[in-house]
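Reviewing the structure listed below.
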Amino acid sequence: MIPALVVGHAVSSHSHPSLKGFKMLLCQPLGFEGKPDGSPIVAIDLFGAGLHSKVFVSTDGVGARHLVHDQKSPIRNFIQGVID
Amino acid sequence: MRIAQVIGRVTLSVQDPSYKGGRWLMCNPLEAEHYNTACQTLPPLSAQSSLIAYDSLGAGDGDIVGIVEGAEATAPFDHDIPIDAITVAIFDSLKYEPPVSTSSKH
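From first to last, the protein sequence lines are chains A and B. Going by the working numbering, the first residue of the first sequence is number 1, and it counts up by one from there. Going by the working numbering, the first residue of the second sequence is number 1, and it counts up by one from there.
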């Protein structure tokens, strides 16, 4: 689980079937002292995290596959929670 | 899922039997400042090292794709396959709006 900042979104009409219907948000991983760390990654979003909100992004495929109810889904990053 | 630009294709002459019928793409990870324009105009190559990803979507040169790396890349397959990167999305548009105060690098 990595803390990240929502910095945008991505639109894809041609993706793995298990991703259909999920919003894809660009998340900037935050490292030490909340400084940006590396390039932004794409995570699927269920909670409607708003732009520039701080979130926890999971990097575990097992949880993601349960989330999308598809054991064949290659998804890995999904937003687990929005930090107040 | 990392965002990368497809810069070429790879053809294997000798391969693991489980790769049969596999399609491989050479992908170069994108720098964040090119996210907004990447889907319209071809972004320059980034300094990050390129990688070869298994292609399950039929992406071609110049496409901006989302690549999943790690063991999750083997999830879509019924048989065991030793791969660690697969394309899962071809992006139509990307909107990148870093907050002005903590914008990264630049």
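Just so it is clear, CB atoms sit at the ideal spot from N, CA and C, and this is done for glycine as well. Please read all numbers here as calculations on a predicted model, not as lab measurements.
Contacts of residue i in chain B (Cβ-Cβ under 7 Å)
i       : result
A/Val42 : Met1, Ile3 and Gly66
A/Leu19 : Val88 and Ala89
A/His66 : None at all; the shortest Cβ gap to chain B is about 12 Å.
A/Lys72 : Ala75 and Pro76
Local Cβ density within 10 Å of residue i, reported as buried at 16 or more and exposed below that
i        : result
A/Phe78  : buried
A/Ile44  : buried
A/His16  : buried
B/Ile86  : buried
A/Ser73  : buried
B/Ala47  : exposed
A/Asp84  : exposed
A/Leu46  : exposed
A/Leu119 : Given that chain A is displayed from residue 1 to residue 84, the structure contains no residue 119 of chain A and the question cannot be resolved.
B/Asp63  : buried
The alpha helix (DSSP H) enclosing residue i, as first and last residue numbers
i       : result
A/Arg65 : Gly61 to Leu67
Interface residues of chain B facing residue i [CB-CB closer than 8 Å]
i       : result
A/Gly31 : The contacting residues do not exist; A/Gly31 stays about 10 Å from chain B at best.
A/Ser58 : Those within 8 Å of A/Ser58 in chain B number zero; the least Cβ separation is about 11 Å.
A/Gly48 : What A/Gly48 touches in chain B: nothing, since even the nearest Cβ is about 16 Å away.
For residue i, the first and last residue of its enclosing beta strand (DSSP E)
i        : result
B/Tyr35  : Element bounds for B/Tyr35: not the beta strand (DSSP E) but the alpha helix (DSSP H), Tyr35 to Ala38.
B/Phe91  : Neither: B/Phe91 is in no beta strand (DSSP E) and is coded neither H nor E.
B/Ala75  : Counting along the chain, B/Ala75 falls outside any beta strand (DSSP E), and DSSP gives it neither H nor E.
B/Arg9   : Arg2 to Val10
B/Ser13  : Here B/Ser13 belongs to no beta strand (DSSP E), and DSSP marks it neither H nor E.
A/Ala49  : No beta strand (DSSP E) holds A/Ala49; DSSP gives it neither H nor E.
A/Gly8   : Ile2 to Val11
B/Val100 : Taken as a continuous stretch (DSSP letters only), B/Val100 belongs to no beta strand (DSSP E), as it is neither H nor E.
Residue i: contacting residues in chain A (beta-carbon distance under 7 Å)
i        : result
B/Pro108 : There is simply no residue 108 of chain B to check, as chain B begins at 1 and stops at 106 in what is shown.
B/Ser18  : The contacting residues do not exist; B/Ser18 stays about 16 Å from chain A at best.
B/Ala32  : Ser39 and Pro40
Cα-Cα separation between residue i and residue j, rounded to whole angstroms
i        : j       : result
A/Leu67  : B/Ile7  : 32 Å
B/Thr11  : B/Ser18 : 15 Å
B/Phe91  : B/Phe77 : 23 Å
B/Pro29  : A/Val6  : 19 Å
B/Arg9   : B/Gly22 : 11 Å
B/Asp61  : B/Gln5  : 8 Å
B/Ser103 : B/Gln15 : Here the model assigns B/Ser103 a pLDDT of 49, short of 50, so the residue's position is not dependable, and the following value carries that caveat. Each residue's alpha carbon lies about 44 Å from the other.
A/Val42  : A/His9  : 8 Å
A/Gly126 : B/Ala38 : Any question about residue 126 of chain A goes unanswered here, given that chain A covers just 1 to 84.
B/Pro82  : B/Gly70 : 10 Å
A/Arg65  : A/Gln71 : 5 Å
Closer than 9 Å at the beta carbon, the chain B residues around residue i
i       : result
A/Ile75 : Met1, Val68, Glu72, Ala75 and Val88
Interface residues of chain A facing residue i [CB-CB closer than 8 Å]
i       : result
B/Tyr96 : Val7, Gly8, Leu26 and Pro40
B/Pro99 : Leu5, Val7 and His52
B/Tyr35 : Gly8, Leu26 and Pro40
Amino acids of chain A, ordered along the chain, whose beta-carbon sits closer than 9 Å to that of residue i
i       : result
B/His44 : Strictly speaking, residue 44 of chain B in this sequence is Pro, with His absent from that position. Residues of chain A passing the Cβ test: none, with the nearest at roughly 15 Å.
Any non-hydrogen atom of the ligand PLP closer than 7 Å to residue i Cβ
i       : result
B/Thr11 : Within the structure as shown, the ligand PLP is missing, as the structure has no ligands at all.
Segments assigned alpha helix (DSSP H), at least 4 residues, entirely inside the stretch 28 to 72 of chain B:
35 to 38
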